[in-house]
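**Student:** A single structure is presented below for examination.
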Amino acid sequence: MFEARLLQGGLLKKVLDSIKDIITEGNFDCSPNGLSLQAMDSSHVSLIDILLESEGFEHYRCDRNIPMGLNITNLVKMIKCAGSEDIVTIKCEDKPDNVTFLFESKDNDKISDFEMKTMTIDDEHLLVPDQTYTAVVKMPSAEFQRLCRDMAAIGDTVNISVTKEGVRFSTTGDMGTANITVRPNPSGDQKEEERTEVQITEPVSAGFALRYLNSFTKATPLSPTVTLGMVPNLPIVVEYKIADMGHVRYYLAPKIED
Amino acid sequence: SGGQSNLGQFFATR
């Protein structure tokens, strides 16, 4: 059986907000290591990779690997019924037809349980290689969100080029062009999460669909910083670390040059 | 802007 108790139930809401625009169903894999999800959007252009490590739960029991296929839209509806301060327990049997969500209010004066039907999902599992990224950019997640939103107001595709001087985001649309360059902050005055850091072994440049990048920024409430990893001619990875718990990562296939 | 590639072109399936 599987049983996991999460003290910060609001975290589940944030995780679901970060995926609900991209996928409608997915297999949550329960394993002794933690709860994970890998799923592609319907066009197979982007991939979501979530890990919530067992150590991050207040109580975690998983005897064997259990795939928990869930409709994300319905899951969002159910988790919305939890208060953001509630303690959430997720429970299911080894071959589950149903999964139970137990919500306990912080003051322990209200207990709710919801049972949701599982579904069988045949999804393609991708082997994402352990990559050494040619360029890694760490920046405030709110700044990345703002930047993607601004770029999307002008164009559909953003070209991201990273040099040691900084990261340049460029787009072109019917009304004109936009370029935003973010430079690594030189001074040590900022808090770590307010800094932009660039590490490169060689300059990288590629184009990506802003529609997807904007969806990824729905993960902003999960982390004060976001990390972009790029390798020439390979998908970009956009990672939001969840403190003491794991991550939400997105992979996005590049645009092809004409 | 060019066409859109998909992840199957980069990552193997299991």
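Protein chains in written order, with this note's numbering: chain A, 1 to 258; chain B, 1 to 14.
Cβ coordinates follow ideal geometry from the N, Cα and C atoms, glycine included.
Here the structure is a predicted model, which is why all the values come from computation and not from measurement.
1) Let me confirm a value: VAL15 (chain A) is counted as buried when at least 16 other C-beta atoms fall within 10 Å, else exposed. Which label applies?
2) Can you find the residues in the same chain that come closer than 8 Å, C-beta to C-beta, to SER1 (chain B), ignoring five residues on each side of it along the sequence?
3) Contact defined as beta carbons within less than 8 Å: I believe VAL238 (chain A) pairs with TYR250 (chain A). What is the distance between those atoms, to the nearest angstrom?
4) Leaving aside the five residues before and after GLN199 (chain A) along the sequence, list all residues of the same chain whose C-beta is less than 6 Å from its C-beta, in chain order.
5) Just checking: is the beta-carbon of ALA12 (chain B) within a distance shorter than 8 Å of some beta-carbon in chain A?
6) Using the Cβ count rule (16 or more neighbours within 10 Å means buried), how would you classify LEU75 (chain A)?
7) For ALA178 (chain A), write down the residues that DSSP places opposite it in a beta bridge.
8) Anything in chain D within Cβ reach of GLU239 (chain A), meaning under 9 Å, just list it in chain order.
9) Use the C-beta contact count for GLU55 (chain A): other C-beta atoms within 10 angstroms, 16 or more gives buried, fewer gives exposed.
10) Check whether the Cβ atoms of VAL158 (chain A) and SER170 (chain A) lie closer than 8 Å to each other.
11) Quick one: is THR89 (chain A) buried, meaning 16 or more other Cβ sit within 10 Å of its Cβ, or exposed?
12) Got a sec: which bits of the region 178–212 of chain A sit with their beta carbon under 9 Å from any beta carbon on chain B, in order along the chain?
13) Report the residue from A:ALA243, A:ILE79, A:CYS148 whose alpha carbon sits nearest the alpha carbon of ASP113 (chain A).
14) From LYS241 (chain A) to ASP109 (chain A), what distance separates their C-alpha atoms?
15) With distances taken from CA atoms, which of A:LEU7, A:GLU3, A:ILE180, A:HIS247 is nearest ILE160 (chain A)?
16) Residues of chain B with CB under 8 Å from PRO254 (chain A), in chain order?
17) With 8 Å as the limit, tell me which residues of the region 42–67 of chain A have their beta carbon closer than that to any beta carbon of chain B; keep them in chain order.
18) Can you check whether the CB of CYS92 (chain A) is closer than 8 Å to the CB of ILE111 (chain A)?
19) Can you pull the chain B residues whose beta carbon is under 7 Å from the beta carbon of TYR251 (chain A), in chain order?
20) Please report the distance separating the alpha-carbon of GLY155 (chain A) from that of LEU252 (chain A).
21) Verify the contact flag: GLU143 (chain A), CB atom, against every heavy atom of the ligand FMN, threshold strictly below 7 Å.
22) Using a Cβ-Cβ cutoff of 9 Å, what residues of the region 117–131 of chain A are near chain B? List them in chain order.
**Tutor:** For this structure:
1) Stepping through the first sequence from its first residue, residue 15 (chain A) is reached at position 15. Counting C-beta atoms within 10 angstroms of its own C-beta, VAL15 (chain A) has 16 or more neighbours from the protein chains shown and is therefore classed as buried.
2) Along the second sequence, read from residue 1 onward, the residue named residue 1 (chain B) stands at position 1. Since pLDDT at SER1 (chain B) reaches only 48, below the 50 mark, its modelled position is unreliable, and no value is offered.
3) In the first sequence, the residue the question calls residue 238 (chain A) occupies position 238. In the first sequence, the residue the question calls residue 250 (chain A) occupies position 250. Beta-carbon to beta-carbon, VAL238 (chain A) and TYR250 (chain A) are separated by about 5 Å, close enough to satisfy the 8 Å threshold.
4) What you label residue 199 (chain A) is simply residue 199 of the first sequence in a count that begins at 1. The answer, listed in chain order, is VAL136.
5) Translated into the one-based positions of the second sequence, residue 12 (chain B) becomes position 12. Yes, ALA12 (chain B) lies at the interface with chain A (some Cβ there is under 8 Å from its Cβ).
6) Looking up residue 75 (chain A) in the first sequence gives position 75. Its Cβ being crowded by 16 or more others within 10 Å, LEU75 (chain A) is buried.
7) Stepping through the first sequence from its first residue, residue 178 (chain A) is reached at position 178. In DSSP, ALA178 (chain A) forms a bridge with A:THR171.
8) Going by chain labels, chain D is absent from the structure shown, which instead holds the protein chains A and B.
9) Taking the first sequence and counting its residues from 1, one reaches residue 55 (chain A) at position 55. Exposed, since its Cβ has fewer than 16 Cβ neighbours within 10 Å.
10) Here the question's residue 158 (chain A) lines up with position 158 in the first sequence. Here the question's residue 170 (chain A) lines up with position 170 in the first sequence. In this structure, SER170 (chain A) lies closer than 8 Å to VAL158 (chain A) by Cβ.
11) Here the question's residue 89 (chain A) lines up with position 89 in the first sequence. Under this definition THR89 (chain A) is a buried residue.
12) Answer set for the region 178–212 of chain A: GLY207, ALA209.
13) Start at 1 with the first residue of the first sequence, and residue 113 (chain A) comes out as number 113. Closest option to ASP113 (chain A), Cα to Cα, is A:ILE79.
14) Position 241 of the first sequence, counting from 1, holds the residue named residue 241 (chain A). Position 109 of the first sequence, counting from 1, holds the residue named residue 109 (chain A). If you take the alpha carbons of LYS241 (chain A) and ASP109 (chain A), they lie about 32 Å apart.
15) Here residue 160 (chain A) is taken as the residue at index 160 of the first sequence, counted from 1. For the residues A:LEU7, A:GLU3, A:ILE180, A:HIS247, the minimum Cα distance to ILE160 (chain A) belongs to A:ILE180.
16) In the first sequence, the residue the question calls residue 254 (chain A) occupies position 254. Near PRO254 (chain A) (Cβ distances below 8 Å), the residues of chain B are SER5.
17) Those residues of the region 42–67 of chain A that come within reach of chain B (Cβ to Cβ, closer than 8 Å) are SER43, HIS44, VAL45, SER46, LEU47.
18) Mapped onto the first sequence, residue 111 (chain A) falls at position 111. Mapped onto the first sequence, residue 92 (chain A) falls at position 92. In this structure, the beta-carbon distance from ILE111 (chain A) to CYS92 (chain A) does not fall below 8 Å.
19) Locating residue 251 (chain A) in the first sequence gives position 251, counting from the first residue. Residues of chain B passing the Cβ test: LEU7.
20) One-based indexing of the first sequence puts residue 155 (chain A) at position 155. One-based indexing of the first sequence puts residue 252 (chain A) at position 252. Distance between the alpha carbons of GLY155 (chain A) and LEU252 (chain A): 17 Å.
21) Judged by which ligands are present, the structure shown has none, so any question about the ligand FMN falls away.
22) For the region 117–131 of chain A, which is checked against every Cβ of chain B, the residues closer than 9 Å are GLU124, HIS125, LEU126, LEU127, VAL128, PRO129.
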